[in-house]
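S.K.: Here it is: the structure, laid out below.
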Amino acid sequence: MDTELRKSTLLVRRRELVGHLQEVEHALDETPTRDLEDFSTERQGDEVLEALGQNELQQVRRIDAALKRVEDGSYGICLKCGEEISEARLDAVPETALCRTCAAQIDGA
């Protein structure tokens, strides 16, 4: 496995997420409108942005954990069973810490 390529992919995705998180933060910091109807609509939009931001923040944390595994040489090894994670799964979810089987057990539980 080319861990340098995986690391590069993770870093690019992390930069994208951090950039978008900054945009979300800026949008949430904008002064709300005084119009009651517009305020309600803005608040709903803010709730969506907050949820999106939380999801992206969690993804950044998973990427950071994956980057640590790259550095310590354990990247690509399932944290639960210790088996290798397939290249196809790492292509699809480069920050994954679990093989497909272990992930399915957790998702199905």
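Sequence positions in the sequence shown follow the numbering used here and run 276 to 384. Note that CB positions come from ideal geometry on N, CA and C, so glycine has one too.
Does the beta carbon of residue 285 fall short of 7 Å from some heavy atom of the ligand ZN?
M.R.: Only the bare structure without any ligand can be found here, which leaves the ligand ZN out of the picture.
S.K.: Just verifying my parser: in three-state terms, what is the DSSP assignment at residue 352?
M.R.: Taking the sequence shown and counting its residues from 1, one reaches residue 352 at position 77. Three-state result, residue 352: strand.
S.K.: According to the Cβ coordinates, are residue 348 and residue 359 closer than 8 Å?
M.R.: By one-based count along the sequence shown, residue 348 stands at place 73. By one-based count along the sequence shown, residue 359 stands at place 84. No, the Cβ-Cβ distance between residue 348 and residue 359 is not below 8 Å.
S.K.: Mind checking which residues open and close the alpha helix (DSSP H) that includes residue 294?
M.R.: Here the question's residue 294 lines up with position 19 in the sequence shown. Counting along the chain, the alpha helix (DSSP H) containing residue 294 begins and ends at 278-304.
S.K.: With a threshold of 8 Å on Cβ separation, who are the neighbours of residue 362 within its own chain once the five nearest residues in sequence on each side are excluded?
M.R.: Here residue 362 is taken as the residue at index 87 of the sequence shown, counted from 1. Excluding residues within five positions, the ones whose Cβ falls inside 8 Å are 276.
S.K.: Put residue 331 into one of helix, strand or coil per three-state DSSP.
M.R.: Within the sequence shown, residue 331 is the residue found at index 56, counting from 1. Helix, per DSSP.
S.K.: Are the beta-carbon atoms of residue 340 and residue 372 separated by less than 8 Å?
M.R.: For this step, residue 340 is matched to residue 65 along the sequence shown. For this step, residue 372 is matched to residue 97 along the sequence shown. Yes, the Cβ-Cβ distance between residue 340 and residue 372 is below 8 Å.
S.K.: Taking the C-alpha atoms as reference points, what is the distance between residue 355 and residue 323?
M.R.: In the sequence shown, counting from the first residue as 1, residue 355 sits at position 80. In the sequence shown, counting from the first residue as 1, residue 323 sits at position 48. Straight-line Cα distance between these residues: approximately 33 Å.
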